[in-house]
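J.: Here this note's numbering is used: the first residue of the sequence shown is 220, the next is one more, and so on. Every residue gets a Cβ at the ideal spot worked out from N, C-alpha and C, and that includes glycine. Let me give you the structure first, and then I'll get to my questions.
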Amino acid sequence: QKYTHYKSAYPMHLIMWLAIYTTRRESELTRMALADFDGEHWLIKDMKNPKGSLGNHKHVKIPTSALPVIRALQEPSIRKNMMACKYYDESLLLPLDGKNISKLFTEACKILGIDDLHFHDLRHEGATRLAEQGLTIPQMQEITGHDSWNSLQRYTNLKKRPKTVEYDEI
């Protein structure tokens, strides 16, 4: 609502869905170069890794559910609003500050009276959705970028939920 009313540079309604569908961290979302996307895979540079992130570049599969969100983020009206951000770089899908994304998400949760929900929880939501869709562990790893089931396991809640809402249903 803030985005449409005040024309904020941060289209949080789209950023949240992108985070869920791609299982990306906010810092990774803000480093996604448009030139690194081939329509199916995205090269994520300096992906977080316990052994060090610098130089840890990985191609991750982008689920088809993320494509409408990616297209929406490239619409001229959305791009124009993001240009107001001092971090604007037209080569990036989200030329925004990752820390500010997290801050805005936390502020919105507080306004809505939602306790104990953090932007990083959207990564957990995304991984859980992949498991609910019946993807195998290797298929999930292709999307999340995790090297092992042990590291992916902490992000996945394997209890089946009755219904999840999708971007195109809103």
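Could you pull the start and end residues of the alpha helix (DSSP H) that K322 belongs to?
T.: 317-330
J.: Return the residue from the list P282, K267, M235 that minimises the CA-CA distance to D257.
T.: Taking D257 as reference, the option from P282, K267, M235 with the minimal CA-CA separation is P282.
J.: From what residue to what residue does the beta strand (DSSP E) around V279 run?
T.: 277-280
J.: So, helix, strand or coil for I289, using DSSP?
T.: Residue state, collapsed to three classes: helix.
J.: Does DSSP classify I263 as helix, strand or coil?
T.: strand
J.: Taking Cβ to Cβ, would you say R342 is nearer than 9 Å to R243?
T.: yes
J.: Indicate the three-state DSSP secondary structure (helix, strand or coil) for A346 in the structure shown.
T.: helix
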